[in-house]
Amino acid sequence: MGKKTGIISETPLTENEQLKKLFAVMRDNKVNSDNLNAMVNYVASMERHLESAVNELVSMRRELADMREIQNHPIKTALQNAVKALESKINDARERLGEIKSGIIEGVKNALKAFNEKGPAALNNVMSFFHIKDGLKSMGELLDAGIKTDNRAIASIDSFSKHYHEAGKAFKNMGHVLIGKEQVVSAKPAGNLAKTLQAPSRAERAALTGAKRAVTAAITKLERLETTQAKVKADRATGKPSLLNRLEKNKIRAADKQQIRPVPKREKVQEQTV
Numbered sequence: 030m031g032k033k034t035g036i037i038s039e040t041p042l043t044e045n046e047q048l049k050k051l052f053a054v055m056r057d058n059k060v061n062s063d064n065l066n067a068m069v070n071y072v073a074s075m076e077r078h079l080e081s082a083v084n085e086l087v088s089m090r091r092e093l094a095d096m097r098e099i100q101n102h103p104i105k106t107a108l109q110n111a112v113k114a115l116e117s118k119i120n121d122a123r124e125r126l127g128e129i130k131s132g133i134i135e136g137v138k139n140a141l142k143a144f145n146e147k148g149p150a151a152l153n154n155v156m157s158f159f160h161i162k163d164g165l166k167s168m169g170e171l172l173d174a175g176i177k178t179d180n181r182a183i184a185s186i187d188s189f190s191k192h193y194h195e196a197g198k199a200f201k202n203m204g205h206v207l208i209g210k211e212q213v214v215s216a217k218p219a220g221n222l223a224k225t226l227q228a229p230s231r232a233e234r235a236a237l238t239g240a241k242r243a244v245t246a247a248i249t250k251l252e253r254l255e256t257t258q259a260k261v262k263a264d265r266a267t268g269k270p271s272l273l274n275r276l277e278k279n280k281i282r283a284a285d286k287q288q289i290r291p292v293p294k295r296e297k298v299q300e301q302t303v
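Quick note on our numbering: the sequence shown kicks off at 30 and runs consecutively.
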């Protein structure tokens with residue numbers, strides 16, 4: 030194989046000790062960690078899907094080596110080239126993921142440092158410590174390229190299968206003509222050979238697509254947080270209370286109204302004479 034595929038740290042992000050410490054600090058100080066937890070889960074999903082994609086590359090190489098039916102056929106060379114291209118793209122994506130993980134761990138260290146210096150309030154916008162959006166976008170592009178390569182490989186196998194069966198139909202019709210039998214109208218659908226060749230590419234495409242979904246979700250999450258923070262800063266600059274403050278004040282007003290609401294008088298029951 031070309032590049033080494035063990036680029037991602039062997040330790041999953043969820044097992045990082047500094048990250049565990051940050052979660053504990055946030056929990057103990059009642060700081061919401063939902064956004065950070067979501068981001069970590071997205072990265073964990075990317076790790077799993079890319080590992081699956083690497084395994085499918087091994088499968089593709091094995092299938093090609095075992096396919097005696099296409100030993101001297103151009104389709105084998107085309108698929109081998111596709112495997113090499115995929116390997117390069119997946120290695121690049123794994124390297125990018127390694128950089129994203131390093132960025133998150135660095136952000137965790139900075140968040141803990143800020144907590145030690147400024148207290149729990151420093152963690153209210155904990156996601157501002159992580160500068161990973163550009164890396165996620167770059168990784169998404171690499172995954173898109175890998176998915177396109179898988180699509181081309183699947184299409185090439187479909188084309189090969191179609192021509193293979195068309196050729197088989199032609200030879201069969203030639204024999205039918207010679208013995209006066211009716212000619213075959215349509216070729217057979219894709220056979221076991223094509224399905225076997227396509228299986229690893231389809232599985233790998235599914236793995237890369239899963240990783241891309243996690244990347245897209247992570248980027249969307251970060252962009253929403255950026256929009257929210259920009260709105261808060263704009264409100265502060267104009268002296269306008271932030272949305273969170275307004276919601277909190279509305280809750281307080283509602284609670285006050287509930288407390289001062291007069292107790293309904295009970296109707297006096299008139300005594301009835303028997």
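Where a beta carbon is used, it is the ideal one built from N, C-alpha and C, also for glycine.
- Query: Expressed to the nearest angstrom, what Euclidean distance is found between the alpha-carbon atoms of Thr257 and Pro103?
  - Reply: 55 angstroms
- Can you list, in chain order, the residues of its chain whose CB lies under 7 angstroms from that of Arg90, leaving out five sequence neighbours each side? The answer, listed in chain order, is Val112.
- Item | Pairwise C-alpha distance: Pro229 and Ala187 | The sequence shown places Asp at residue 187, rather than the Ala named in the question. Cα-Cα distance, rounded: 14 angstroms.
- Message: Once DSSP output is grouped into helix, strand and coil, what is the label at Ile161?
- Response: coil
- At what residues does the alpha helix (DSSP H) containing Arg123 begin and finish? Pro103 to Lys147 is the span of the alpha helix (DSSP H), which, as asked, contains Arg123.
- Message: In the DSSP assignment, the alpha helix (DSSP H) including Arg91 goes from what residue to what residue?
- Response: Under the DSSP assignment, Arg91 falls in the alpha helix (DSSP H) whose first and last residues are Asp63 to Asp95.
- Query: Quick one: is Glu146 buried, meaning 16 or more other Cβ sit within 10 Å of its Cβ, or exposed?
  - Reply: exposed
- With a Cβ-Cβ cutoff of 8 angstroms, do Leu171 and Asp121 count as a contact? yes
- Query: With a CB to CB cut of under 7 angstroms and the five nearest residues on each side skipped, what residues in its chain are close to Ala182?
  - Reply: Leu108, Ala111 and Ser230
- From what residue to what residue does the alpha helix (DSSP H) around Met55 run? First-last of the alpha helix (DSSP H) with Met55: Glu46 to Asp57.
- Query: Rounded to the nearest angstrom, how far is the Cβ of Ala82 from that of Leu237, given a contact under 8 angstroms?
  - Reply: 6 angstroms
- Query: On the three-state DSSP scale, how would you describe Asn154?
  - Reply: In the structure shown, Asn154 sits in coil (DSSP, three-state: anything other than H, G, I, E or B).
- Rounded straight-line distance, which links the Cα of Met55 to that of His78: 29 angstroms
- Task: For Glu233, count neighbouring Cβ atoms within 10 angstroms of its own Cβ and tell me buried if that reaches 16, exposed if not.
- Result: buried
- Item | Three-state secondary structure (DSSP) of Val206 | In this prediction, Val206 scores a pLDDT of 40, lower than 50, which makes its location untrustworthy; no coordinate-derived value is stated.
- Message: Buried or exposed, going by whether 16 or more other CB atoms sit within 10 Å of the CB of Lys130?
- Response: buried
- Message: Comparing C-alpha positions only, which one of Ala174, Met68 and Gln100 sits nearest to Thr249?
- Response: Considering only alpha carbons, the answer is Met68.
- How many angstroms separate the CA atom of Gly132 from the CA atom of Lys162? 10 angstroms
- Query: Helix, strand or coil for Val60 per DSSP?
  - Reply: coil
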